[in-house]
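Using our numbering, you'd call the opening residue of the sequence shown number 5 and step up by one each time. For each residue, glycine too, the CB sits at the ideal point set by N, CA and C. Presented below is the structure to which this report refers.
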Amino acid sequence: MSEKFTIEIITPEKSLVKTDASEVTIPSYEGEMGILKDHIPLITFLRPGIIVIMNKDKKNYYVEEGTVEFSNNNLLVLSSTAKEVLDLEKNSLNTMISEAEKKLSTSDVSDKEKYLLSYKISTLKEINR
Numbered sequence: 005m006s007e008k009f010t011i012e013i014i015t016p017e018k019s020l021v022k023t024d025a026s027e028v029t030i031p032s033y034e035g036e037m038g039i040l041k042d043h044i045p046l047i048t049f050l051r052p053g054i055i056v057i058m059n060k061d062k063k064n065y066y067v068e069e070g071t072v073e074f075s076n077n078n079l080l081v082l083s084s085t086a087k088e089v090l091d092l093e094k095n096s097l098n099t100m101i102s103e104a105e106k107k108l109s110t111s112d113v114s115d116k117e118k119y120l121l122s123y124k125i126s127t128l129k130e131i132n133r
């Protein structure tokens, strides 16, 4: 009996990923969440972070926001921004970091925006190492 389930990551531009996985870790508002086969049904929101898909190999995808639904061993991720970490270039990472830091330093940022921007900055810096 297979211990795998289906994951699909969809952006407005395209279906980025549709594959089987043995484990997926998502960055939700509640914290890092691990999903395995037969997980209880779930609907949650993404915060900026890395989705880790474990199969024969490990693939990482950067996401900024979105929703996640898991039911009947199908994990669906809808995100406005999702990119494979290996496809992110240093120049674009540096630009994204500086823009986020600039926005975070302004006085008209809500607490929710501060929360999201701080996760975005720390994730991008981790990728940029």
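Rounded to whole angstroms, the gap between the alpha carbons of lysine 60 and threonine 110 is 44 Å. A direct Cα-Cα distance of roughly 13 Å separates leucine 79 from valine 56. Taking every protein chain shown into account, the CB of arginine 133 has fewer than 16 other CB atoms within 10 angstroms, so this residue is exposed. Between glutamate 7 and serine 26, the gap from beta carbon to beta carbon is short of 7 Å. A distance below 7 Å separates the beta carbons of glycine 70 and leucine 50.
Threonine 127 is positioned such that its CB atom lies no closer than 7 Å to that of glycine 38. Setting aside the 5 residues that flank it on each side, proline 45 is surrounded in the same chain by Phe74, Ser75, each with a C-beta closer than 7 Å to its C-beta; the list follows chain order. Measuring C-alpha to C-alpha distances from lysine 63 to each of Ile30, Ser102, Tyr119, Ser84 identifies Ile30 as the nearest.
In this structure lysine 118 touches leucine 108 by the C-beta definition: roughly 6 Å separates them, less than 8 Å. Secondary structure at leucine 82: strand, using DSSP grouped into helix, strand and coil.
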